[in-house]
Every structure is written in structure tokens, then in C-alpha cells.
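What follows is one structure encoded as C-alpha cells, with my remarks underneath.
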Amino acid sequence: MKAGLPAHEVTTAHLGAAYPFMVCPGFGGEGIYIGRDLLGGAFTFDPFILYTRGVLTNANMVVIGQIGRGKSSFVKSFLWRNAVFGRQAWVVDPKGEYGPLAHAWGVEPLILRPGGSVRLNPLDGTGMEDSERRQVELLSALGAACLRRDLLPTEHAAAQLALRAAAASSMNRPTIPGVVAALLAPSVEAARSIHTDVDTLTVMGRDLGLEMRRLVEGDLRGMFDGETSPGIDLLSPLVVLDLSAVYSSPALGVLMTCATAWLTAVLSSCPSRSDSESVAGPVAPQRLVVVDEAWAILSNLGVARWLQASWKLSRSFGVANMAVLHRLSDLRSAGAAGSEQVSLAQGLLSDSETRIVYAQSPGEVEACRELIGVTATEAGLLPRLRRGVALWKIGGRSFIVEHRLGRAEEQIVDTDARMRAVATSPAAHPVPDGRSE
């Protein structure tokens with residue numbers, strides 16, 4: 002090329018044709034504004050619209066990124082922008098980072114702590130089809146997590162009978178305390194139903210009952226050990242379950258499972274404010290359900306099975322699930338290499354057609370190539386992506402997107418305010434300004 006000749010210029014509309022197999026056209030202007038496609042202009046994305054158009058077969062998403070690369074900023078602003086479309090967002094927040102977002106919406110997070118004032122019943126589900134089956138699956142997952150092994154057939158039978166006994170004694174509203182009581186002191190009728198005696202049935206469920214008793218009378222009491230507290234507004238645009246008080250607890254996975262189970266149980270029966278105003282609107286509103294620090298509930302086989310089953314129900318509930326992770330190796334670390342546990346954890350990727358990957362360390366690149374099929378070119382970019390820029394894999398298409406924040410959004414996505422408050426203290430040493438995520 003001769004010196005002085007201008008660089009080749011082309012419109013974004015023709016860029017894909019000018020550079021085939023390198024530039025992918027976007028999805029048009031319909032949907033949520035995300036930011037700038039670095040290879041094509043403005044970028045919008047809406048999992049519900051793309052599912053309706055047949056671009057996606059499910060609306061689930063996985064968001065992956067190192068600390069400080071903009072992962073949390075994207076998730077929070079994405080929820081905020083969805084509110085314009087009348088959608089609700091429900092968040093399992095193990096670190097207590099969604100408070101500013103909740104306050105911007107004019108709601109208070111539901112703070113769950115041992116001995117606290119807010120209780121959720123993970124066995125809620127009255128009126129749901131096959132609610133007993135789902136409740137038994139949850140009990141099995143919780144039991145496996147508590148026992149740190151799969152339930153024996155005898156324990157599974159004891160759990161099912163205890164659930165029925167608890168439902169019968171509480172007007173079809175079983176609770177964890179009711180189940181534990183029925184496991185430790187089963188009735189004659191329950192024993193007869195499986196052709197055994199009370200002593201034998203007691204032995205069958207005793208280990209499970211003693212382990213689950215920790216949720217009722219142990220160090221984890223006061224969160225999931227009764228009926229759901231009255232006055233919880235399920236119609237608010239945002240519901241945040243704050244578990245930061247138990248973030249360092251070894252039982253975090255069990256507690257996150259209880260919280261996610263409660264959300265799942267009420268999804269099918271929770272109305273929308275617009276339902277009474279719109280005759281033509283859907284019966285169930287569209288919702289985004291965010292499970293932050295998702296690695297915590299994948300560290301147990303029973304829980305991983307339960308979560309994958311819940312993930313597959315998203316379409317029937319009108320839900321877009323979002324699992325948030327730091328790195329893909331979190332999925333592999335869920336169990337031994339080649340184990341069912343790892344297979345189930347990685348199965349979340351198969352059930353999530355949208356994968357958003359912020360900068361990864363060089364050691365994570367191979368996992369990205371293997372698990373989400375990034376190309377050699379994309380793999381080379383991942384360690385070099387600057388803050389706020391992510392690789393988006395949507396179905397079979399790829400984009401490099403720079404997330405853009407408005408000034409009003411900066412306050413609600415900031416997770417590093419405390420660090421800057423310390424930095425401005427007279428006794429503190431100067432530190433660089435910036436947001437952690």
C-alpha cells in the first residue's frame with residue numbers, strides 16, 4: 002500500500018460482507034442496550050426476544066469473569082435496564098452486593114441470617130402441579146448435601162413419608178421442622194404404608210433427620226425453619242435474598258439451595274402487577290433469576306442434580322436464569338475429574354445458550370476452548386480483554402462487546418465504595434481508584 006492512502010472504510014451494515022467469517026451482524030435495535038460491539042457498532046441483547054424469534058432455544062445465561070473486570074457491573078445494569086420492559090428480577094446474593102440496586106428500585110433486600118427475622122420456606126409450592134415430586138427432589142438434594150453423600154433408597158423413602166406427614170399435619174403446607182420431626186418420630190401409619198414397623202422406619206430416616214436438624218435447631222436456625230414470613234412483596238420489581246451473613250459458612254451451598262428452591266417454588270404461582278390490568282398479557286411474567294457465586298451450590302452432587310433440573314424448567318416458568326462464576330475451572334472443581342458432579346456442573350453450559358466471558362487468566366483459556374468452544378483467535382483475546390469488554394457467545398455466534406454504563410447506573414453497580422471510603426480516610430494510605438467488579 003502506498004504511503005498516504007486512506008485506510009479502507011466501510012459501513013457497519015456492510016462490514017460482515019467485507020470481512021466474511023470475521024464479523025457477525027448483530028440482532029438489530031430491538032431489546033436491551035448493552036454497549037458497543039467493537040466490530041460492528043451498537044449492541045443490544047434480549048434473551049426473551051431472541052427465544053421468541055427462534056435464535057435461542059433457551060434464555061439461560063452464564064456470566065464468567067475475574068474480579069475487577071466488570072462482570073457484576075454488567076449483571077446489575079442488565080437487571081436495571083430490564084425493568085423498562087416490566088420484567089422482574091430475583092437474585093440469590095451470597096455476598097450482599099445488590100443492596101444499592103435494591104434501594105434504587107425502592108425495595109429492601111431480604112436479609113437472611115441465623116436467628117434473623119426473615120424466614121423462607123423452601124418447601125412452599127401449594128397449588129403447583131407435581132409439587133410433592135419437586136419437594137421430594139429438594140429434600141433429597143438437601144439431604145445429600147447435609148450427609149455429603151447420595152441418599153440410600155431407605156432414606157429417600159423415609160424423606161417422602163416424612164414430607165407427606167408434615168403436609169398432612171399443617172394443612173398441606175409442609176416445613177423443614179415438620180419434616181425433621183416426622184423423620185425422627187415417624188407414625189405407625191407411615192411405617193405400615195411401606196410394610197414395616199415404626200422402629201425400622203425411625204432407623205431408616207434417623208441420620209437424615211439429625212443432619213437436617215441443623216437447619217431447625219442448630220447454628221443455621223432462623224432462616225428456613227418455618228413458614229415464609231408474612232409481608233414479603235413478591236410483586237416488587239426486584240427481590241434480593243441476601244445471604245452475606247453466612248457467606249463464610251461451610252453450609253453456604255445448602256443455604257443457597259434453600260433460597261433458590263424457595264424462588265423456584267413460587268415462580269409458577271406468583272402473579273404480576275400487570276396481570277390484572279392486561280387481558281392479553283401472559284399469565285406468568287418474564288423474570289430473570291440470578292444465582293451469584295454459583296460454584297457454592299455446585300459443590301455437592303445432589304444439589305447439582307437438583308439445580309440442573311430447575312434450570313431445565315426455565316421455559317415453562319418464563320424465566321431467564323443467570324449463573325455468575327469467576328472462572329470455568331469452578332465447574333471442574335465441583336468434583337473429581339470425570340465425575341457425574343463435574344458433568345452436571347458443566348451441563349449448565351449446555352442448558353445456557355448465552356455465555357458471556359470477561360477477561361480470563363492464561364491458565365483458564367484451555368478450559369474456555371474445551372467447555373464453550375472458543376476459537377483460537379478468541380482464546381488469544383481472552384487474557385487481553387480490558388475491563389468492561391467481554392466475549393459473547395450467543396448460540397453459534399460470537400461478539401466482542403464493550404459494556405457501557407450511564408452516570409446514574411454507576412452508583413447502583415459500584416461494589417468498591419467501601420474501598421474508596423477507606424482510601425479517602427486521613428489515616429489511610431492512598432490507593433488507586435476503581436471498582437472491583
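Numbers in this note's numbering are just positions in the sequence shown, counted from 1, shifted up by 1. Note that beta-carbon positions come from the ideal geometry of N, C-alpha and C, so glycine has one too.
Residue i vs residue j beta-carbon contact at 7 Å
i	j	result
Leu-1	Ala-368	Because the chain is modelled from 2 through 438, residue 1 falls outside the range shown and cannot be assessed.
Leu-121	Phe-225	yes
Leu-152	Ala-191	no
Gly-389	Glu-403	yes
Pro-115	Leu-242	no
Ala-160	Leu-140	yes
Tyr-99	Val-93	no
Thr-45	Gly-36	no
Ala-90	Leu-289	yes
Option in the options with minimal Cα separation from residue i
i	options	result
Ser-132	Leu-185, Leu-164 and Glu-410	Leu-164
Gly-306	Thr-258, Leu-113, Gly-32 and Ser-353	According to the sequence displayed, residue 306 carries Arg and not Gly. The candidate whose alpha carbon is nearest that of Arg-306 is Thr-258.
Thr-203	Ala-158, Pro-175 and Glu-354	Ala-158
Ser-237	Pro-110, Gly-389 and Phe-44	Pro-110
Asp-38	Ala-409, Leu-392 and Leu-406	Leu-392
Gly-223	Ile-112, Ser-315, Val-199 and Trp-81	Ile-112
Ala-324	Asn-173, Arg-370, Asp-47 and Leu-299	Leu-299
Ser-351	Ile-177, Gln-309, Thr-376 and Phe-75	Gln-309
Leu-345	Leu-143, Glu-365 and Lys-313	Lys-313
Gly-107	Leu-239, Ala-297 and Trp-296	Leu-239
Val-255	Ala-145, Asp-198, Phe-86 and Arg-70	Ala-145
Ala-295	Gln-347, Ala-246 and Gly-374	Gln-347
Ala-252	Phe-75, Ser-170, Glu-156 and Cys-147	Cys-147
Met-213	Val-375, Asp-234 and Val-180	Val-180
Leu-57	Thr-355, Arg-370 and Leu-382	Thr-355
Pro-101	Trp-81, Val-119, Gly-117 and Phe-86	Trp-81
Thr-155	His-196, Gly-97, Ser-171 and Ser-118	His-196
Ala-266	Ser-73, Glu-138, Arg-54 and Arg-70	Glu-138
Gly-227	Arg-174, Leu-235, Asp-198 and Leu-264	Arg-174
8 Å contact criterion, which residue i and residue j should meet: CB distance rounded
i	j	result
Ile-357	Lys-77	Actually they do not touch by this definition, with Cβ atoms about 14 Å apart.
Met-446	Ser-353	The requested residue 446 does not occur in the structure, where the chain is confined to residues 2 to 438.
Leu-124	Ile-177	7 Å
Ala-60	Ser-399	In fact, because the Cβ distance is near 19 Å, the residues do not count as touching under 8 Å.
Ser-362	Gln-67	7 Å
Through-space distance from residue j to residue i, alpha-carbon basis
i	j	result
Thr-229	Leu-216	15 Å
Ala-262	Pro-384	36 Å
Tyr-52	Ala-321	10 Å
Ser-317	Asp-200	42 Å
Ile-65	His-327	5 Å
Ser-249	Gly-41	43 Å
Glu-365	Glu-379	13 Å
Arg-149	Ala-297	14 Å
Ala-409	Ala-105	10 Å
Leu-372	Ala-260	28 Å
Asp-450	Arg-88	Since the first residue shown for the chain is 2 and the last is 438, residue 450 is missing from the structure and cannot be characterised.
Asn-442	Gln-287	Residue coverage of the chain in this structure runs from 2 to 438, which leaves residue 442 outside it and unanswerable.
Lys-96	Val-247	9 Å
Ala-169	Val-291	33 Å
Gly-71	Leu-349	22 Å
Arg-274	Leu-235	Only weak support exists for where Arg-274 lies, its pLDDT of 43 falling under 50; the value from the coordinates is given anyway. Using only the alpha carbons, I get a separation of about 10 Å.
Leu-406	Ser-171	49 Å
Ile-401	Ala-377	14 Å
Gly-69	Leu-143	33 Å
Gly-29	Glu-218	55 Å
Phe-79	Ala-43	15 Å
Arg-387	Phe-86	30 Å
Val-189	Asp-198	7 Å
Phe-75	Asp-293	13 Å
Ser-118	Leu-264	18 Å
Asp-276	Gly-319	Note on Asp-276: pLDDT 42, under 50, position unreliable in the model; the coordinate value appears next. In a straight line, the C-alpha of Asp-276 is about 14 Å away from that of Gly-319.
Gly-381	Gly-374	13 Å
Ser-73	Arg-193	53 Å
Gly-396	Leu-211	45 Å
Lys-394	Asp-415	26 Å
Arg-54	Arg-370	28 Å
Thr-127	Gly-232	Note that Thr-127 has pLDDT 49, beneath the 50 cutoff, so the model's placement of it is unreliable and no number is given.
Minimum Cβ-Cβ distance from residue i to chain D less than 7 Å
i	result
Leu-80	Looking for chain D here will not work: only one protein chain is present.
- [ ] Would you be able to state if there are at least three C-beta pairs under 8 Å between the region 173-184 and the region 203-211?
- [x] yes
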